[in-house]
Structure formats: structure tokens, C-alpha cells
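In my numbering, the protein residues as written are 292 to 404. Just so it is clear, CB atoms sit at the ideal spot from N, CA and C, and this is done for glycine as well. A quick note: this is a predicted structure, and the numbers were derived from the prediction, not measured. What follows is a short report on a single structure.
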């Protein structure tokens, strides 16, 4: 008997088994949010300086906070209220834990900490 197993080299535990009931507290812009934004949003061809897509640049806290204050950030990462899902399908999707971190940061007042 022969057993043949295969796996995608890009599989990771978080994608295969999305976290349920994740709770984050005291989310930090510098430690938690900025790395997510710099890796997934403020990249060339998207929302990097100097000219972000649709005029949206997410290169610093002030720029991101403006998007939070307009209630756009939560809508685009969750594809709600007629906002297009971000990042778009041509980029990697945000992990569930990244979405929860961003949501918690916004709920905590989107502080520059």
C-alpha cells in the first residue's frame, strides 16, 4: 500500500485553522497595527507614498487615523457597507487575527501608541 501526502508550501496554521474567539487588549499602533499596514496596505501599487491608489496614502499614523475617522478602514477590511474588500484579490488577504487586531485597535480609540 502506498500513501501519498501533499501540502502547499504556503499553508500556515492560521490560514488552515482560523482563530476563533480571539481577544486582544491594549493594541499598539507601533507594535501591532503599523506592521500590518506596512506589509499589506502601504506597499507600492497600493497605498504607499507619495501617490496612493484613489489618493489614499497610509504611510503614517495621521493618514491612517483619517481613514479610521471616516469609518472606511473597518468597512474595507470586512467588505461591508458597499466598500470594496482590501487588500484586493491580487494581494494576500489579511489574516483573521490581523482583522481582529485592527478592529480592537479602532474600538480602543485608534491611539498613536
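By how many angstroms is the C-alpha of residue j removed from the C-alpha of residue i?
i	j	result
residue 322	residue 331	15 angstroms
residue 369	residue 377	8 angstroms
residue 371	residue 391	15 angstroms
residue 488	residue 380	Nothing about residue 488 can be read from this structure; the chain reaches only from 292 to 404.
residue 364	residue 326	15 angstroms
residue 320	residue 403	6 angstroms
residue 333	residue 401	18 angstroms
residue 316	residue 324	13 angstroms
residue 366	residue 341	24 angstroms
residue 399	residue 318	8 angstroms
Could you tell me whether the Cβ atoms of residue i and residue j are closer together than 8 angstroms?
i	j	result
residue 339	residue 346	no
residue 348	residue 397	no
For residue i, collect the residues of the same chain with a Cβ closer than 8 angstroms to its Cβ; drop the 5 residues on either side in sequence, then sort them by chain order.
i	result
residue 336	344
In this structure, how does DSSP classify residue i when only helix, strand and coil are distinguished?
i	result
residue 341	coil
residue 346	helix
residue 376	coil
residue 401	coil
residue 357	helix
residue 392	helix
With a CB to CB cut of under 7 angstroms and the five nearest residues on each side skipped, what residues in its chain are close to residue i?
i	result
residue 356	401
residue 384	378
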